[in-house]
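Trainee: My structure is below; once you've seen it, I'll send some questions.
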């Protein structure tokens, strides 16, 4: 039986828009499981990123409860949420947000030092992660403007993993990349997931979505359905067809 990592009960999020209330998420009951690669799909405006931000503590729900382990994170203060994010979550965004004035290595270490003061241990972990994503020592000393977009996104993944988060959240991580570099990033995420890293990813992209073992389809703020694809294998010829059929049923 899978271990529940995070769950929501009646999760709702609303915004005031020109005097009218816009209900973006509506009474979502959801369980995320340890070791899963969960993909959230849906049309533009369905609430995908809003759900991701709520699950990760980057935003607070209007109503409902979010529980991580035995802790109700939806009750935490902003400072408490910041600590939760630093200690338990990693983030990879479409825009990478590396600090221009810092080297690649220092960008990663700056995130690690928010949690740990053992700089030697952080450097060792950073070098192991860099090796895993094929970022060499020469590139680690460069500044963000001196590396490619694909390299920068892989650096972003290393930064997200430096504190050994329980969950890695990714919001359209290949959205700004070309086909080849996007594939490299997907391979990187898949590799870490195969090693046990839990991943939750929002995407519009079928190629990216096929990497997940669990696909959630969000429509009008409600999870309309889900699809179990099983663990990813590039040899799984029926994977694309199964996902396509599911998305057609959902009205994709």
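Residue numbers (this note's numbering): 1 to 252. The beta carbon of each residue, even a glycine, is placed where N, CA and C say it ideally should be.
Which residue from 92, 22, 74, 73 puts its Cα closest to that of residue 262?
Mentor: As shown, the chain starts at 1 and ends at 252. That puts residue 262 outside it, with no answer to give.
Trainee: With residue 229 as the anchor, note down where its alpha helix (DSSP H) starts and where it stops.
Mentor: Here residue 229 belongs to no alpha helix (DSSP H), and DSSP marks it neither H nor E.
Trainee: Which of helix, strand or coil does DSSP assign to residue 100?
Mentor: Looking at residue 100 - three-state DSSP - the assignment turns out to be coil, as it is neither helix nor strand.
Trainee: Got a sec? Which residues, its chain only, sit under 7 Å from residue 94 by beta carbon, not counting five neighbours each side?
Mentor: Hits under 7 Å: 171, 172, 173, 175, 176.
Trainee: At what residues does the alpha helix (DSSP H) containing residue 124 begin and finish?
Mentor: Note, residue 124: alpha helix (DSSP H), 119-132.
Trainee: Am I right that residue 269 and residue 218 are in contact with their C-beta atoms under 8 Å? What's the rounded C-beta distance?
Mentor: Look at the range of the chain in this structure, 1 to 252, and you will see that residue 269 is not part of it.
Trainee: Indicate whether the contact test is met: 3 or more Cβ pairs, each with one atom in the region 69-82 and one in the region 132-152, closer than 8 Å.
Mentor: They do not touch, by the three-pair rule.
Trainee: Reducing DSSP to helix, strand and coil, say where residue 166 ends up.
Mentor: Residue state, collapsed to three classes: coil.
Trainee: Taking 7 Å as the cut-off, is the CB of residue 213 close to at least one heavy atom of the ligand MN?
Mentor: With respect to the ligand MN, the structure offers nothing, as it holds no ligand at all.
Trainee: Please report the residue range of the alpha helix (DSSP H) in which residue 187 lies.
Mentor: Here the alpha helix (DSSP H) through residue 187 covers 179-194.
Trainee: State yes or no: is the C-beta of residue 272 within less than 8 Å of the C-beta of residue 50?
Mentor: This structure cannot speak to residue 272, because the chain is shown only from 1 to 252.
Trainee: Give me the residue from 190, 199, 148, 186 with the minimum Cα distance to residue 167.
Mentor: Ranking 190, 199, 148, 186 by Cα distance to residue 167 puts 199 first.
Trainee: According to the Cβ coordinates, are residue 126 and residue 162 closer than 8 Å?
Mentor: Taking 8 Å as the Cβ cut-off, residue 126 and residue 162 qualify as a contacting pair.
Trainee: CA-CA distance, residue 222 and residue 25?
Mentor: Distance between the alpha carbons of residue 222 and residue 25: 6 Å.
Trainee: Nearest to residue 108 by alpha carbon, out of 153, 220, 70?
Mentor: It is 153 whose Cα lies nearest to the Cα of residue 108.
Trainee: When the Cα of residue 220 is compared with those of 3, 48, 1, which residue comes out closest?
Mentor: Nearest option by C-alpha distance: 48.
Trainee: To the nearest angstrom, how far is it from the Cα of residue 212 to the Cα of residue 117?
Mentor: If you take the alpha carbons of residue 212 and residue 117, they lie about 34 Å apart.
Trainee: Tell me whether residue 105 sits in a helix, a strand or coil according to DSSP, three-state version.
Mentor: Of the three classes helix, strand and coil, the one that applies to residue 105 here is helix, per DSSP.
Trainee: Mark residue 69 as exposed unless 16 or more other C-beta atoms lie within 10 angstroms of its C-beta, in which case mark it buried.
Mentor: Burial call: exposed.
Trainee: Residue 26 by DSSP, collapsed to three states: which one?
Mentor: Strand, per DSSP.
Trainee: Roughly how many whole angstroms lie between the Cα atoms of residue 73 and residue 233?
Mentor: One C-alpha to the other measures close to 35 Å.
Trainee: I need the straight-line Cα distance from residue 76 to residue 33, nearest angstrom please.
Mentor: Roughly 22 Å separates the two Cα atoms.
Trainee: Taking the alpha-carbon positions, what's the residue 86 to residue 3 distance?
Mentor: Near 22 Å, if we compare the C-alpha coordinates of residue 3 and residue 86.
Trainee: Once the 5 residues before and after residue 111 are set aside, which same chain residues still bring their CB inside 6 Å of it?
Mentor: Same-chain partners within the cutoff: 159, 162.
Trainee: Tell me the DSSP secondary structure of residue 219 in three-state form.
Mentor: DSSP places residue 219 in strand when its eight states are reduced to three.
Trainee: The beta strand (DSSP E) that contains residue 14, what's its start and end?
Mentor: Looking at the DSSP string, the run of the beta strand (DSSP E) that includes residue 14 is 4-17.
Trainee: Going by DSSP, what residue range makes up the beta strand (DSSP E) through residue 143?
Mentor: No beta strand (DSSP E) holds residue 143; DSSP gives it neither H nor E.
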